[in-house]
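Student:
There are 2 protein chains.
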Amino acid sequence: MSDIKTITVNRSAYADNDLEADALREYLKERGTFLVNLMSSPGAGKTTTLTALINSLKDIYRIGVMEADIDSDVDAISIAKNTGVKSIQIHTSGMCHLDAGMTKSGLDGIDISDLNLVFLENVGNLVCPAEFDTGASLDIMILSVPEGDDKPLKYPLIFQKCDLVIINKIDTIGYFNFDFKKCEETIKMRNKNATIIPISAKTGQGIDQVKQYFIKTITNWKEK
Amino acid sequence: MSDIKTITVNRSAYADNDLEADALREYLKERGTFLVNLMSSPGAGKTTTLTALINSLKDIYRIGVMEADIDSDVDAISIAKNTGVKSIQIHTSGMCHLDAGMTKSGLDGIDISDLNLVFLENVGNLVCPAEFDTGASLDIMILSVPEGDDKPLKYPLIFQKCDLVIINKIDTIGYFNFDFKKCEETIKMRNKNATIIPISAKTGQGIDQVKQYFIKTITNWKEK
Chain P
0 MSDIKTITVN RSAYADNDLE ADALREYLKE RGTFLVNLMS SPGAGKTTTL
50 TALINSLKDI YRIGVMEADI DSDVDAISIA KNTGVKSIQI HTSGMCHLDA
100 GMTKSGLDGI DISDLNLVFL ENVGNLVCPA EFDTGASLDI MILSVPEGDD
150 KPLKYPLIFQ KCDLVIINKI DTIGYFNFDF KKCEETIKMR NKNATIIPIS
200 AKTGQGIDQV KQYFIKTITN WKEK
Chain G
0 MSDIKTITVN RSAYADNDLE ADALREYLKE RGTFLVNLMS SPGAGKTTTL
50 TALINSLKDI YRIGVMEADI DSDVDAISIA KNTGVKSIQI HTSGMCHLDA
100 GMTKSGLDGI DISDLNLVFL ENVGNLVCPA EFDTGASLDI MILSVPEGDD
150 KPLKYPLIFQ KCDLVIINKI DTIGYFNFDF KKCEETIKMR NKNATIIPIS
200 AKTGQGIDQV KQYFIKTITN WKEK
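Chains as they are written, first to last, in the working numbering: chain P, 0 to 223; chain G, 0 to 223.
Structure follows, in structure tokens:
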């Protein structure tokens, strides 16, 4: 069906995931590869957003994508087809999140020697991925309008942990009962440093703002 | 803010959750209380669906609701206000699912002596709740149209485990690229015995069909 490389990862044996994640961040810094961890509920639009974002960034960075899923290769195939960048599928053996050791296995699988920006699309889940530092230098979560503006109240940790909250499917706000201002206030209550950008991956609205955020963030990271 | 009872449950100490779940099912059968486990992604519409369904069933059954969440009481308050039935909030101490022991603690907290139908609204998550039998006699999952028709491909276990798949927000199908027939086929591939009912909790479409499903299922359960 496709020539997408698929690797299967298992729960890591490391006792201290935080230590492992810090070591991975250091390793990636030395190699000049910026790793982004992308989290959301199932169906919030991670793959569609990633496709739009990669197409806006691929002339600036050498990009790779690791698509983590419990099963299926549909996302890695879709990313490869719609962006042309190097993409692999990670199967998590039923696990509901990736930890730093599993992420390192994925990075070894994709071969980062020619990449300076790698996206990890985490398993669709608002609970477990927030508990495990993957070693990424940027944590992003996508909340989509149809999910409702109360999600920052109900899933506190993921909003506390992320640097950027993308609010996707903003083009449907007229249909759903979603109070943007209230949502923004609740996110800020959880995490006053979070950047919030509304987008529509479908129409392209807001993608340029996310692109500018990336360029600035990666420049700052290089200078640190 | 409200007089909703909140209990906090912790990971159970039982080594064998399946045994514990079977024992709970037996205990509930003896007492004539039918327990329903309701699962979905965050924001698929569990609480709105439950509200519509309870209002259609509350003249037939004596209903109670246990709302499980990592944090916040918004769902239990909303259910109590919009249906008038007995409702408690279960906080999961950060856990991403409920097991049979946690469910039993919830049932003790709500007091089932005057109830013959109890709903457990599980934590919003398509991965972990599927791995733990709660002791319910009916497992329902809600998939909402904005999440996409590929979810049964990507989250196989939850579709395998449930008896009824409710496809919610069907009123938005014209806006989202959701192929109902393809989704139905993929669900049947995972679980040929699953019943699939499209609804809109917002407009009321399909709620009567779910009501009839409940009446039939509970009648069969009583006769077993």
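Think of the CB as a built atom: it goes at the ideal place given N, C-alpha and C, for glycine as much as any other residue.
Computed from a predicted model, the values in this text were never measured in an experiment.
Using the three-state DSSP reduction, which class does Val209 (chain P) fall into: helix, strand or coil?
Tutor: Residue numbering aside, residue 209 (chain P) sits at position 210 when the first sequence is read from its first letter. Looking at Val209 (chain P) - three-state DSSP - the assignment turns out to be helix.
Student: Quick one: which chain G residues come within Cβ less than 8 Å of Pro128 (chain P)?
Tutor: The residue labelled residue 128 (chain P) in the question sits at position 129 within the first sequence. Those within 8 Å of Pro128 (chain P) in chain G number zero; the least Cβ separation is about 10 Å.
Student: Taking Thr48 (chain P) as the reference, give the member of P:Ile78, P:Thr171, P:Phe175 with the closest Cα.
Tutor: In the first sequence, the residue the question calls residue 48 (chain P) occupies position 49. The residue with the shortest Cα to Cα distance from Thr48 (chain P) is P:Ile78.
Student: Let me know the secondary structure DSSP gives Thr133 (chain G) once reduced to three states.
Tutor: Taking the second sequence and counting its residues from 1, the one referred to as residue 133 (chain G) is at position 134. Thr133 (chain G) falls in the coil class under three-state DSSP.
Student: Among P:Leu125, P:Lys103, P:Thr82, which has the Cα closest to the Cα of Gly93 (chain G)?
Tutor: Within the second sequence, the letter at position 94 stands for residue 93 (chain G). That would be P:Leu125, whose Cα lies nearest to the Cα of Gly93 (chain G).
Student: DSSP on Phe33 (chain P), reduced to helix/strand/coil?
Tutor: Position 34 of the first sequence, counting from 1, holds the residue named residue 33 (chain P). Three-state result, Phe33 (chain P): strand.
Student: Quick one: what's Pro128 (chain P) bridged to in DSSP?
Tutor: By 1-based counting over the first sequence, the position of residue 128 (chain P) is 129. The partner list for Pro128 (chain P) (beta bridge, DSSP) is empty, contrary to what the question assumes.
Student: Against Leu97 (chain G), what residues of chain P qualify as contacts under a CB-to-CB distance less than 9 Å, listed in chain order?
Tutor: Residue 97 (chain G) sits at position 98 when you count from the first residue of the second sequence. What Leu97 (chain G) touches in chain P: nothing, since even the nearest Cβ is about 12 Å away.
Student: Less than 7 Å between CB atoms is the rule here; does Pro145 (chain G) satisfy it with respect to chain P?
Tutor: Walking along the second sequence from the start, residue 145 (chain G) turns up at place 146. Output row for Pro145 (chain G): interface = yes.
Student: Buried or exposed: where does Ser112 (chain P) fall if 16 or more other Cβ atoms within 10 Å of its Cβ makes it buried?
Tutor: Residue mapping note: residue 112 (chain P) aligns to position 113 of the first sequence, counting from 1. Per the 10 Å Cβ criterion, exposed.
Student: Are Asp74 (chain P) and Thr46 (chain P) close, meaning C-beta to C-beta below 7 Å?
Tutor: On the first sequence, position 75 is the one that residue 74 (chain P) refers to. On the first sequence, position 47 is the one that residue 46 (chain P) refers to. The answer is yes: Cβ separation under 7 Å.
Student: Pull up the distance between the alpha-carbon of Gly31 (chain G) and that of Gly105 (chain G), whole angstroms please.
Tutor: Here the question's residue 31 (chain G) lines up with position 32 in the second sequence. Here the question's residue 105 (chain G) lines up with position 106 in the second sequence. The alpha-carbon atoms of Gly31 (chain G) and Gly105 (chain G) are separated by roughly 17 Å.
Student: Find the residues of chain G that neighbour Ile3 (chain P), judging by a C-beta separation of less than 7 Å, and give them in chain order.
Tutor: Mapped onto the first sequence, residue 3 (chain P) falls at position 4. Result: empty, since nearest Cβ-Cβ is about 14 Å, beyond 7 Å.
Student: Measure the C-alpha to C-alpha separation of Lys57 (chain G) and Met65 (chain G) and round it to an integer number of angstroms.
Tutor: The residue given as residue 57 (chain G) occupies position 58 in the second sequence. The residue given as residue 65 (chain G) occupies position 66 in the second sequence. Rounded to the nearest angstrom, the two C-alpha atoms are 16 Å apart.
Student: If we cut at 7 Å on Cβ distances, does Leu152 (chain P) have a partner in chain B?
Tutor: The chain inventory of the structure shown lacks chain B, comprising the protein chains P and G.
Student: Name the residue from P:Glu19, P:Val144, P:Leu97, P:Ile76 whose alpha carbon lies nearest to the alpha carbon of Gly173 (chain P).
Tutor: Start at 1 with the first residue of the first sequence, and residue 173 (chain P) comes out as number 174. Among P:Glu19, P:Val144, P:Leu97, P:Ile76, the Cα nearest to that of Gly173 (chain P) is on P:Val144.
Student: To the nearest angstrom, report how far apart Asp110 (chain P) and Gly63 (chain P) are at their CA atoms.
Tutor: Stepping through the first sequence from its first residue, residue 110 (chain P) is reached at position 111. Stepping through the first sequence from its first residue, residue 63 (chain P) is reached at position 64. Approximately 9 Å between the Cα atoms of the pair.
Student: Helix, strand or coil: which one does DSSP assign to Val144 (chain P)?
Tutor: Against the first sequence, residue 144 (chain P) aligns to sequence position 145. In this structure, Val144 (chain P) counts as helix in the three-state DSSP scheme.
Student: Given a limit of 7 Å on CB to CB distance, which residues of the region 26-52 of chain P reach chain G?
Tutor: The residues in question are Ser40, Pro41, Gly42.
Student: For Asp207 (chain P), collect the residues of the same chain with a Cβ closer than 8 Å to its Cβ; drop the 5 residues on either side in sequence, then sort them by chain order.
Tutor: On the first sequence, position 208 is the one that residue 207 (chain P) refers to. Contacts found: Ser55.
Student: With 16 other CB atoms within 10 Å as the buried threshold, where does Ala14 (chain G) fall?
Tutor: Translated into the one-based positions of the second sequence, residue 14 (chain G) becomes position 15. Burial call: exposed.
Student: Sorted by chain position, which residues of the same chain lie with C-beta nearer than 6 Å to Thr218 (chain G)'s C-beta, five sequence neighbours on each side aside?
Tutor: In the second sequence, the residue the question calls residue 218 (chain G) occupies position 219. Within the same chain, Thr218 (chain G) has no close Cβ partners at all.
Student: My output table needs one value for Ser199 (chain G): the three-state DSSP class, helix, strand or coil.
Tutor: The count along the second sequence starts at 1 and reaches residue 199 (chain G) at position 200. Ser199 (chain G) falls in the coil class under three-state DSSP.
Student: Since Ile169 (chain P) and Gln204 (chain P) should fall inside the 8 Å C-beta cutoff, what is the C-beta to C-beta distance between them, to a whole number of angstroms?
Tutor: Counting from one through the first sequence, the residue named residue 169 (chain P) turns up at place 170. Counting from one through the first sequence, the residue named residue 204 (chain P) turns up at place 205. At roughly 6 Å, the Cβ-Cβ gap stays under 8 Å, so Ile169 (chain P) and Gln204 (chain P) are in contact.
Student: For Pro151 (chain G), which residues of its own chain have a beta-carbon under 7 Å away from its beta-carbon, when the five flanking residues on both sides are left out?
Tutor: If you number the second sequence from 1, residue 151 (chain G) lands on position 152. Counting only Cβ-Cβ distances below 7 Å, and skipping sequence neighbours, we find Phe158, Cys182, Thr185, Ile186, Arg189.
Student: DSSP state of Gln159 (chain P), grouped into three classes?
Tutor: As a first step, residue 159 (chain P) must be located in the first sequence, where it is residue number 160. Looking at Gln159 (chain P) - three-state DSSP - the assignment turns out to be helix.
Student: Quick check: the Cα distance between Lys80 (chain G) and Ile3 (chain G), rounded to an integer number of angstroms?
Tutor: For the purposes of this step, residue 80 (chain G) is identified with residue 81 of the second sequence, where counting begins at 1. For the purposes of this step, residue 3 (chain G) is identified with residue 4 of the second sequence, where counting begins at 1. If I take the Cα positions, the gap works out to 10 Å.
Student: Counting only Cβ pairs nearer than 8 Å, list the residues of chain G close to Leu125 (chain P).
Tutor: The residue you call residue 125 (chain P) lines up with position 126 of the first sequence. In chain order: Pro41, Gly123, Asn124.
Student: In this structure, how does DSSP classify Ala14 (chain P) when only helix, strand and coil are distinguished?
Tutor: Working through the first sequence from its first residue, we reach residue 14 (chain P) at position 15. The answer is coil: DSSP assigns Ala14 (chain P) none of H, G, I, E or B.
Student: Taking a Cβ distance cut-off of 7 Å, strictly less, list which residues of the region 191-210 of chain P are near chain G, in chain order.
Tutor: So nothing in the stretch comes that close.
Student: Which bits of chain P does Thr171 (chain G) rub up against, with CB to CB less than 7 Å?
Tutor: Counted from its first residue, the second sequence places residue 171 (chain G) at position 172. The contacting residues are Tyr174.
Student: Helix, strand or coil, according to DSSP, for Leu49 (chain P) in the structure here?
Tutor: Sequence index remark: in the first sequence, residue 49 (chain P) carries index 50 (1-based). Note: Leu49 (chain P) maps to helix in three-state DSSP.
Student: Run down chain G in chain order and give the residues with a C-beta less than 8 Å from the C-beta of Lys168 (chain P).
Tutor: As a first step, residue 168 (chain P) is located in the first sequence; it is residue number 169 there, counting from the start. Chain G residues near Lys168 (chain P): Pro145.
Student: If you measure from the beta carbon of Asp17 (chain G) to each beta carbon in chain P, is any gap under 7 Å?
Tutor: Residue 17 (chain G) sits at position 18 when you count from the first residue of the second sequence. Not an interface residue.
Student: Is Gly173 (chain P) helix, strand or coil when you go by DSSP?
Tutor: As a first step, residue 173 (chain P) is located in the first sequence; it is residue number 174 there, counting from the start. DSSP places Gly173 (chain P) in coil when its eight states are reduced to three.
Student: With distances taken between CB atoms, is the gap from Val35 (chain G) to Ala193 (chain G) smaller than 7 Å?
Tutor: Here residue 35 (chain G) refers to the residue found at position 36 when the second sequence is read from its first residue. Here residue 193 (chain G) refers to the residue found at position 194 when the second sequence is read from its first residue. Cβ atoms of Val35 (chain G) and Ala193 (chain G): not closer than 7 Å.
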